Structure formats: structure tokens, C-alpha cells
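Per the numbering used here, residue 1 is the first one in the sequence shown, and the count goes up by one each step.
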Amino acid sequence: MPDWKKIVTKNSEAELRTLTADGQFQVKGPLIILKGLPTQDPGQAGQLWEYIDAQNLHYLKVSAG
Numbered sequence: 001m002p003d004w005k006k007i008v009t010k011n012s013e014a015e016l017r018t019l020t021a022d023g024q025f026q027v028k029g030p031l032i033i034l035k036g037l038p039t040q041d042p043g044q045a046g047q048l049w050e051y052i053d054a055q056n057l058h059y060l061k062v063s064a065g
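What follows is the structure in C-alpha cells.
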């Protein structure tokens, strides 16, 4: 694991390649972009995926496994 840190300040942009959280994790903001999510339920409990409905609306879902 790298020994460097980058502080993300208000009104700045950041891109994370990986993120590990143990416990509670909270993200706030008017625009949050998650790239590379599968568009079908991956079947692994807790994994995020993107659901696109018939009206082309996008939803973030959490797999039940």
C-alpha cells in the first residue's frame, strides 16, 4: 500500500482507484461518479451495481448475493 496521502479539499476533484472502508462510510455532494460498475447484479452480497430501467433512468443498487 502506498505511504502517501492526498487531501481532498472543498470544491476540488479527486479520483480513487481503490477504496477500502471498515465501518461507516459517507459520501456527500451534488455529483458523485462511480465508473465501471456492472450493469447486472453480480450476485455477491454488498457489491454495488448499476440498474438502468426502461426509461433509461440509472439507479445504484447493492447486491443481496
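Where a beta carbon is used, it is the ideal one built from N, C-alpha and C, also for glycine.
Predicted model only: the values in this text are computed from it and were never measured.
Would the C-beta of residue i count as close to the ligand MG, meaning under 6 Å from any of its heavy atoms?
{"i": "Q47", "result": "Because no ligand of any kind appears in the structure shown, any question about the ligand MG cannot be addressed here."}
Output the distance between the C-alpha atoms of residue i and residue j, rounded to the nearest integer angstrom.
{"i": "T39", "j": "E50", "result": "5 Å"}
{"i": "G46", "j": "E13", "result": "26 Å"}
{"i": "K61", "j": "I52", "result": "10 Å"}
{"i": "A21", "j": "V27", "result": "12 Å"}
{"i": "G23", "j": "N56", "result": "33 Å"}
For residue i and residue j, which I take to be in contact (beta-carbon distance under 8 Å), what is that distance rounded to the nearest angstrom?
{"i": "G43", "j": "G65", "result": "6 Å"}
Would residue i pass as a contact of residue j if the rule is Cβ separation under 7 Å?
{"i": "L37", "j": "L48", "result": "yes"}
Inside the segment 19–58 only - beta strand (DSSP E) runs reaching at least 3 residues: 48–52
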